[in-house]
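**Student:** Okay, handing you the structure first.
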Amino acid sequence: MHAKEKGTSYEMEPIRVGFGRGLVEAGRRDSRVVALCADLTESTQMHLFREEFPDRFIEVGIAEQNLVTVASGMAHAGRIPFTSSYAAFSPGRNWEQIKTTAALNDRPVIVVGSHAGLNVGPDGATHQMLEDIALMRVLPNMIVIAPADSHEAEQATIALAAAEKPAYLRLARDATPVFTTADEPFRIGVAHILKRGADVTLLGTGTMTYELLRCAEVLHTAGIAAEVVHVPTIKPLDTETILSSVGRTGLAVTAEEAQIAGGFGSAVTELVSSHAAVPVLRLGVDDRYGESGAPRQLLEHFGLTGSQLAAQIATFVRRVRP
Numbered sequence: 001m002h003a004k005e006k007g008t009s010y011e012m013e014p015i016r017v018g019f020g021r022g023l024v025e026a027g028r029r030d031s032r033v034v035a036l037c038a039d040l041t042e043s044t045q046m047h048l049f050r051e052e053f054p055d056r057f058i059e060v061g062i063a064e065q066n067l068v069t070v071a072s073g074m075a076h077a078g079r080i081p082f083t084s085s086y087a088a089f090s091p092g093r094n095w096e097q098i099k100t101t102a103a104l105n106d107r108p109v110i111v112v113g114s115h116a117g118l119n120v121g122p123d124g125a126t127h128q129m130l131e132d133i134a135l136m137r138v139l140p141n142m143i144v145i146a147p148a149d150s151h152e153a154e155q156a157t158i159a160l161a162a163a164e165k166p167a168y169l170r171l172a173r174d175a176t177p178v179f180t181t182a183d184e185p186f187r188i189g190v191a192h193i194l195k196r197g198a199d200v201t202l203l204g205t206g207t208m209t210y211e212l213l214r215c216a217e218v219l220h221t222a223g224i225a226a227e228v229v230h231v232p233t234i235k236p237l238d239t240e241t242i243l244s245s246v247g248r249t250g251l252a253v254t255a256e257e258a259q260i261a262g263g264f265g266s267a268v269t270e271l272v273s274s275h276a277a278v279p280v281l282r283l284g285v286d287d288r289y290g291e292s293g294a295p296r297q298l299l300e301h302f303g304l305t306g307s308q309l310a311a312q313i314a315t316f317v318r319r320v321r322p
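Using the UniProt record's numbering, the first residue of the sequence shown is number 1, and each one after it goes up by one.
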């Protein structure tokens, strides 16, 4: 997977739309794939699957604990269930059921958390799920994926159906740039170097990888050559690619549209600190709740746009290497 070249005009599309397409394709490839939703079928794009496979779709109503428990039962019976809701509710309300019925038994229940992160916008703090990465990556057996755009979400959905493992797929609500290309199929646990650089490694997941690409352009004008690594799979991490990159640059920065405590940056820090003495700067939402606003306004409010990231990273690089 590669990013489109600088200067390319990007199509804008919600990441969850790619999930909807991928789920339909997964259903065509494997008749064991079923879909369950908690009263948000159109919002989570599961209506596409329902229209093509009405006999393999279940609407459980506003009952997220039941959503996952029923799915786990179907997984025990040989199905591959995808469950979807807003991430604020799943895994926000049903973490215990995900743990005990799916993860503990190592059953292939794919929990799809839509509308995650700040880009839910005016829905505010109650619907801006920022803690989901931390909640899900702590569970043994669980795969955790945050696609960068709708194209990657489509491929990741197909890959998760074939993996037959419990998994969490994190999706954004708002339209975001489609900047990845299909040079190679999506592979779970594989990170991608999108831009080479020698001074600092920038590691992004989900929507923040695009902002890091813009950030690297700003840093270039400031004389800092940044290597940008896209990490769609938060668990299991691609240890080889990450450690190789930070070993070359000697500095690492992580960015996520989520709480930095226990999240993607924590996962990278745990990995790097076990293998090398490399300073790591973690950027994201720092022990705060979200607020109401337009998605772009919220990114600016929390200092997560490309130019804002560049300013923080330039300060970090110059502090460590005066």
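Backbone N, C-alpha and C define an ideal beta-carbon position, used for all residues, glycine too.
Predicted model only: the values in this text are computed from it and were never measured.
(1) Taking three-plus beta-carbon pairs below 8 Å as touching, is the stretch 55-65 in contact with the stretch 31-47?
(2) Quick one: residues in its chain with C-beta nearer than 7 Å to the C-beta of D30, no 5 flanking neighbours on either side, listed in chain order?
(3) Do you know offhand how far N119's Cα is from A277's?
(4) Label S114 either buried or exposed according to how many other C-beta atoms from any shown protein chain fall within 10 Å of its C-beta, with 16 as the threshold for buried.
(5) Which residues in the same chain as I15 place their Cβ atom closer than 7 Å to its Cβ, once the five residues preceding and following it in sequence are excluded?
(6) Report the rounded CA-to-CA distance for T181 versus E13, giving the unit in angstroms.
(7) How many angstroms separate the CA atom of A226 from the CA atom of T201?
(8) Can you name the residues that DSSP bridges to V280?
(9) From I188 to L237, what does the alpha carbon distance come to, in whole angstroms?
(10) Identify, in the order they occur along the chain, each residue of the same chain with its Cβ nearer than 6 Å to the Cβ of I260, setting aside the five sequence neighbours on each side.
(11) Can you check which of these residues, G265, V268, H230 and V253, is closest to T315 by C-alpha distance?
(12) What does C215 pair with, by DSSP beta-bridge criteria?
(13) Our contact map puts G293 next to P122 with C-beta atoms below 8 Å; I'd like the distance itself, whole angstroms only.
(14) What distance in whole Å lies between the Cβ atoms of V268 and S245, which are believed to be in contact at a cut-off of 8 Å?
(15) Specify, as a first and last residue, the run of the beta strand (DSSP E) that H230 falls within.
**Tutor:** According to the structure shown:
(1) yes
(2) Along the sequence shown, read from residue 1 onward, the residue named residue 30 stands at position 30. For D30, where only same-chain residues beyond five positions count, the Cβ hits under 7 Å are I80 and A161.
(3) If you number the sequence shown from 1, residue 119 lands on position 119. If you number the sequence shown from 1, residue 277 lands on position 277. So the two alpha carbons sit approximately 35 Å from each other.
(4) Reading the sequence shown from its first residue, position 114 is the one you call residue 114. Buried is the call here.
(5) Counting from 1 along the sequence shown, the entry for residue 15 is found at position 15. Closer than 7 Å at Cβ, skipping near neighbours: P147, D149, S150, A153, L171, A172 and T176.
(6) In the sequence shown, residue 181 corresponds to position 181, counting from 1. In the sequence shown, residue 13 corresponds to position 13, counting from 1. In a straight line, the C-alpha of T181 is about 14 Å away from that of E13.
(7) On the sequence shown, position 226 is the one that residue 226 refers to. On the sequence shown, position 201 is the one that residue 201 refers to. Whole-angstrom Cα-Cα distance: 6 Å.
(8) Counting from one through the sequence shown, the residue named residue 280 turns up at place 280. Note: V280 sits in a beta bridge opposite A252.
(9) In the sequence shown, counting from the first residue as 1, residue 188 sits at position 188. In the sequence shown, counting from the first residue as 1, residue 237 sits at position 237. Answer to the nearest angstrom: the Cα atoms are 9 Å apart.
(10) Stepping through the sequence shown from its first residue, residue 260 is reached at position 260. So the list reads R282, G284 and D286, once near-sequence residues are dropped.
(11) Translated into the one-based positions of the sequence shown, residue 315 becomes position 315. Among G265, V268, H230 and V253, the Cα nearest to that of T315 is on V253.
(12) One-based indexing of the sequence shown puts residue 215 at position 215. Paired residues: none, contrary to the question.
(13) Within the sequence shown, residue 293 is the residue found at index 293, counting from 1. Within the sequence shown, residue 122 is the residue found at index 122, counting from 1. Confirmed, about 7 Å.
(14) Numbered from its first residue, the sequence shown carries residue 245 at position 245. Numbered from its first residue, the sequence shown carries residue 268 at position 268. With a Cβ gap of about 11 Å, S245 and V268 do not count as contacting.
(15) Position 230 of the sequence shown holds residue 230. Note, H230: beta strand (DSSP E), A226 to H230.
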